[in-house]
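Take a look at the structure below.
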Amino acid sequence: MEGEVAPIYYPETGHTVSEPFLTFYLKTNGIKRLGYPITEVIEHEGWQVQYFQNARLELHPENDHAYRITVGWLGELLHRTRPPILNPFIRQGKYFPKTGHTLHGQFLTYFENNGGSVQFGLPISEPFMANDGLIYQDLQSARFIWYPTLPKESQVQLEPLGEIYFLQSGLSLDYLKPIHPPSTAVIQQSTLMPRN
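Note that my numbering has the sequence shown beginning at -1, numbered continuously upward.
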(Lines of atoms letter the chains of each structure in order from A and count residues from 1; the text may use other names and numbers.)
(Lines give C-alpha, C1' and ligand atoms only; values in the text may rest on other atoms or scores of the structure.)
Protein backbone atom coordinates (compact mmCIF):
# COMPACT_ATOMS: atom_id res chain seq x y z
CA MET A 1 0.00 0.00 0.00
CA GLU A 2 1.30 3.46 -0.86
CA GLY A 3 2.49 5.46 2.16
CA GLU A 4 2.74 2.37 4.35
CA VAL A 5 5.98 2.06 6.32
CA ALA A 6 7.93 -1.14 5.66
CA PRO A 7 8.50 -3.34 8.70
CA ILE A 8 12.03 -3.51 10.08
CA TYR A 9 13.55 -6.94 10.64
CA TYR A 10 16.24 -7.38 13.29
CA PRO A 11 18.37 -10.48 12.58
CA GLU A 12 19.81 -10.26 16.12
CA THR A 13 16.53 -11.68 17.46
CA GLY A 14 14.80 -12.77 14.25
CA HIS A 15 11.78 -10.49 14.70
CA THR A 16 10.27 -7.46 13.05
CA VAL A 17 8.80 -4.21 14.25
CA SER A 18 5.86 -3.07 12.15
CA GLU A 19 2.81 -0.91 12.55
CA PRO A 20 0.98 -0.27 14.77
CA PHE A 21 4.19 -0.09 16.87
CA LEU A 22 6.89 0.89 14.37
CA THR A 23 6.34 4.67 14.38
CA PHE A 24 6.38 4.80 18.20
CA TYR A 25 9.46 2.56 18.30
CA LEU A 26 11.39 4.77 15.90
CA LYS A 27 10.30 8.08 17.48
CA THR A 28 11.36 6.95 20.96
CA ASN A 29 14.78 5.57 19.97
CA GLY A 30 13.36 2.12 20.56
CA ILE A 31 16.48 0.07 20.03
CA LYS A 32 18.23 1.93 22.86
CA ARG A 33 15.29 2.16 25.25
CA LEU A 34 13.08 -0.81 24.44
CA GLY A 35 15.74 -3.12 23.03
CA TYR A 36 15.29 -5.55 20.17
CA PRO A 37 11.88 -7.11 19.44
CA ILE A 38 11.63 -10.59 20.95
CA THR A 39 8.17 -11.42 19.51
CA GLU A 40 6.01 -10.33 16.66
CA VAL A 41 2.74 -8.48 17.38
CA ILE A 42 0.52 -10.89 19.32
CA GLU A 43 -2.96 -10.87 20.81
CA HIS A 44 -2.80 -11.10 24.59
CA GLU A 45 -5.77 -10.66 26.91
CA GLY A 46 -7.69 -8.85 24.16
CA TRP A 47 -4.89 -6.43 23.28
CA GLN A 48 -2.36 -6.26 20.51
CA VAL A 49 1.06 -6.24 22.17
CA GLN A 50 4.67 -6.70 21.18
CA TYR A 51 7.46 -7.71 23.52
CA PHE A 52 10.91 -6.19 23.39
CA GLN A 53 13.94 -6.95 25.54
CA ASN A 54 13.18 -4.13 27.99
CA ALA A 55 9.45 -3.52 27.62
CA ARG A 56 6.07 -4.41 26.17
CA LEU A 57 4.28 -2.07 23.77
CA GLU A 58 0.48 -2.11 23.89
CA LEU A 59 -2.12 -0.89 21.41
CA HIS A 60 -5.07 0.89 23.02
CA PRO A 61 -7.34 1.85 20.07
CA GLU A 62 -9.86 3.40 22.47
CA ASN A 63 -7.35 6.12 23.50
CA ASP A 64 -6.71 9.42 21.76
CA HIS A 65 -4.25 9.08 18.87
CA ALA A 66 -1.29 10.36 20.93
CA TYR A 67 -1.90 7.65 23.56
CA ARG A 68 -2.89 4.69 21.37
CA ILE A 69 0.54 3.10 21.82
CA THR A 70 1.77 2.83 25.40
CA VAL A 71 4.63 1.16 27.20
CA GLY A 72 3.16 -1.51 29.46
CA TRP A 73 3.60 -1.12 33.21
CA LEU A 74 5.75 -4.20 33.58
CA GLY A 75 7.64 -2.58 36.46
CA GLU A 76 4.42 -2.56 38.47
CA LEU A 77 3.57 -6.10 37.42
CA LEU A 78 6.99 -7.51 38.32
CA HIS A 79 8.07 -5.40 41.29
CA ARG A 80 5.95 -4.38 44.22
CA THR A 81 5.14 -0.72 44.65
CA ARG A 82 6.73 0.48 47.85
CA PRO A 83 4.92 2.82 50.28
CA PRO A 84 5.31 6.54 49.51
CA ILE A 85 8.02 8.43 51.35
CA LEU A 86 6.76 10.28 54.41
CA ASN A 87 8.69 13.53 53.98
CA PRO A 88 8.63 14.60 50.33
CA PHE A 89 10.77 17.71 50.96
CA ILE A 90 13.92 17.26 48.92
CA ARG A 91 16.70 19.65 48.02
CA GLN A 92 17.94 17.77 45.00
CA GLY A 93 16.00 15.51 42.72
CA LYS A 94 12.34 15.46 41.80
CA TYR A 95 9.32 14.34 43.81
CA PHE A 96 6.37 12.68 42.02
CA PRO A 97 3.23 13.24 44.12
CA LYS A 98 1.15 10.70 42.16
CA THR A 99 3.31 7.83 43.41
CA GLY A 100 4.98 9.49 46.41
CA HIS A 101 8.51 8.72 45.24
CA THR A 102 11.54 10.62 44.00
CA LEU A 103 14.26 10.41 41.38
CA HIS A 104 17.77 11.74 42.02
CA GLY A 105 21.17 12.01 40.41
CA GLN A 106 21.97 9.72 37.50
CA PHE A 107 18.52 8.11 37.59
CA LEU A 108 16.80 11.50 37.25
CA THR A 109 19.15 12.56 34.46
CA TYR A 110 18.56 9.32 32.56
CA PHE A 111 14.79 9.60 33.08
CA GLU A 112 14.65 13.19 31.81
CA ASN A 113 16.96 12.59 28.83
CA ASN A 114 15.31 9.38 27.62
CA GLY A 115 11.58 9.88 27.42
CA GLY A 116 10.49 10.56 31.00
CA SER A 117 7.15 9.24 32.19
CA VAL A 118 5.95 8.35 28.67
CA GLN A 119 8.78 5.87 28.36
CA PHE A 120 9.28 4.70 31.94
CA GLY A 121 6.18 5.64 33.94
CA LEU A 122 6.68 7.17 37.38
CA PRO A 123 8.93 5.90 40.19
CA ILE A 124 7.28 3.31 42.45
CA SER A 125 10.20 2.91 44.85
CA GLU A 126 13.16 4.81 46.17
CA PRO A 127 16.64 3.67 45.11
CA PHE A 128 17.78 0.54 46.94
CA MET A 129 20.89 -1.60 47.05
CA ALA A 130 20.44 -5.25 46.11
CA ASN A 131 22.54 -8.23 47.20
CA ASP A 132 24.76 -7.75 44.14
CA GLY A 133 25.88 -4.34 45.48
CA LEU A 134 24.22 -2.41 42.66
CA ILE A 135 21.68 0.37 43.13
CA TYR A 136 18.21 -0.22 41.63
CA GLN A 137 15.06 1.85 41.33
CA ASP A 138 11.66 0.63 40.15
CA LEU A 139 9.36 2.62 37.90
CA GLN A 140 5.95 1.72 36.53
CA SER A 141 7.43 0.58 33.19
CA ALA A 142 11.12 0.03 33.96
CA ARG A 143 13.79 -0.84 36.47
CA PHE A 144 16.89 1.34 36.48
CA ILE A 145 20.22 -0.18 37.52
CA TRP A 146 23.23 1.96 38.37
CA TYR A 147 26.66 0.57 37.44
CA PRO A 148 29.08 3.08 39.02
CA THR A 149 32.18 1.52 37.42
CA LEU A 150 30.98 2.09 33.84
CA PRO A 151 31.60 5.34 31.95
CA LYS A 152 29.17 8.04 33.13
CA GLU A 153 27.05 7.93 29.94
CA SER A 154 26.50 4.17 30.41
CA GLN A 155 26.08 3.95 34.18
CA VAL A 156 22.29 3.69 34.11
CA GLN A 157 21.07 0.50 32.44
CA LEU A 158 17.60 -0.99 32.08
CA GLU A 159 16.65 -4.38 33.44
CA PRO A 160 15.23 -6.54 30.60
CA LEU A 161 11.65 -6.42 31.91
CA GLY A 162 10.17 -7.48 28.56
CA GLU A 163 12.16 -10.71 28.57
CA ILE A 164 11.55 -11.36 32.27
CA TYR A 165 7.82 -10.72 32.13
CA PHE A 166 7.34 -12.73 28.93
CA LEU A 167 9.05 -15.76 30.46
CA GLN A 168 6.84 -15.51 33.57
CA SER A 169 3.62 -14.81 31.65
CA GLY A 170 2.80 -18.35 30.60
CA LEU A 171 2.69 -17.36 26.92
CA SER A 172 3.93 -19.95 24.45
CA LEU A 173 7.69 -19.91 23.96
CA ASP A 174 6.95 -20.39 20.26
CA TYR A 175 6.42 -16.61 20.09
CA LEU A 176 10.14 -16.19 20.78
CA LYS A 177 11.20 -18.32 17.81
CA PRO A 178 12.85 -16.29 15.05
CA ILE A 179 10.90 -15.79 11.84
CA HIS A 180 12.10 -15.35 8.28
CA PRO A 181 12.14 -11.71 7.26
CA PRO A 182 8.98 -10.69 5.39
CA SER A 183 9.65 -9.86 1.73
CA THR A 184 8.62 -6.24 2.40
CA ALA A 185 10.88 -5.81 5.45
CA VAL A 186 13.95 -3.66 5.72
CA ILE A 187 16.70 -5.73 7.30
CA GLN A 188 18.34 -3.66 10.03
CA GLN A 189 21.89 -4.36 11.10
CA SER A 190 22.64 -2.84 14.47
CA THR A 191 25.76 -2.13 16.44
CA LEU A 192 24.09 -3.18 19.70
CA MET A 193 24.54 -6.74 20.86
CA PRO A 194 21.53 -8.75 22.06
CA ARG A 195 21.50 -10.08 25.61
CA ASN A 196 21.93 -13.77 26.26
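Think of the CB as a built atom: it goes at the ideal place given N, C-alpha and C, for glycine as much as any other residue. This one's a predicted model, so the numbers in the text were calculated from it and none came from an experiment.
Taking a contact as a CB-CB distance under 8 angstroms, the pair Ser167 and Gly70 does not count as one, their CB atoms being some 11 angstroms apart.
Under the 8 angstroms Cβ criterion, the segment 17 to 25 does not count as touching the segment 121 to 133, having fewer than three qualifying pairs. Rounded to whole angstroms, the separation of the alpha carbons of Glu124 and Arg80 is 8 angstroms. For the 8 angstroms CB-CB criterion, Gly33 and Pro179 do not form a contact. When secondary structure is reduced to three states using DSSP, Arg66 falls in the coil class, being assigned neither helix nor strand. Taken through DSSP and simplified to helix, strand or coil, Ile143 comes out as strand.
Annotated as distal: Gly160 and Ile6, with beta-carbon spacing of 8 angstroms or more.
Residue burial annotation: Val184 is exposed, with fewer than 16 other C-beta atoms found within 10 angstroms of its C-beta. Residue state for Arg54 is assigned as strand, using DSSP reduced to three classes.
Taking the Cα positions, Gln104 is about 9 angstroms away from Lys150. For a cut-off of 8 angstroms, the C-beta gap from Thr100 to Tyr93 is around 5 angstroms, short enough to register as a contact.
Cα atoms of Glu10 and Ile88: separation of roughly 43 angstroms, rounded to the nearest angstrom. Listed in chain order, the non-local C-beta contacts of Leu174 below 7 angstroms within the same chain comprise Ile36, Thr37, local neighbours out to five positions each way being set aside. For Lys96, no alpha helix (DSSP H) encloses it, and the DSSP letter there is neither H nor E.
Within the model, the alpha-carbon separation for Gly91 versus Tyr145 is close to 19 angstroms. By DSSP's assignment, Asp136 forms a beta bridge with Arg141.
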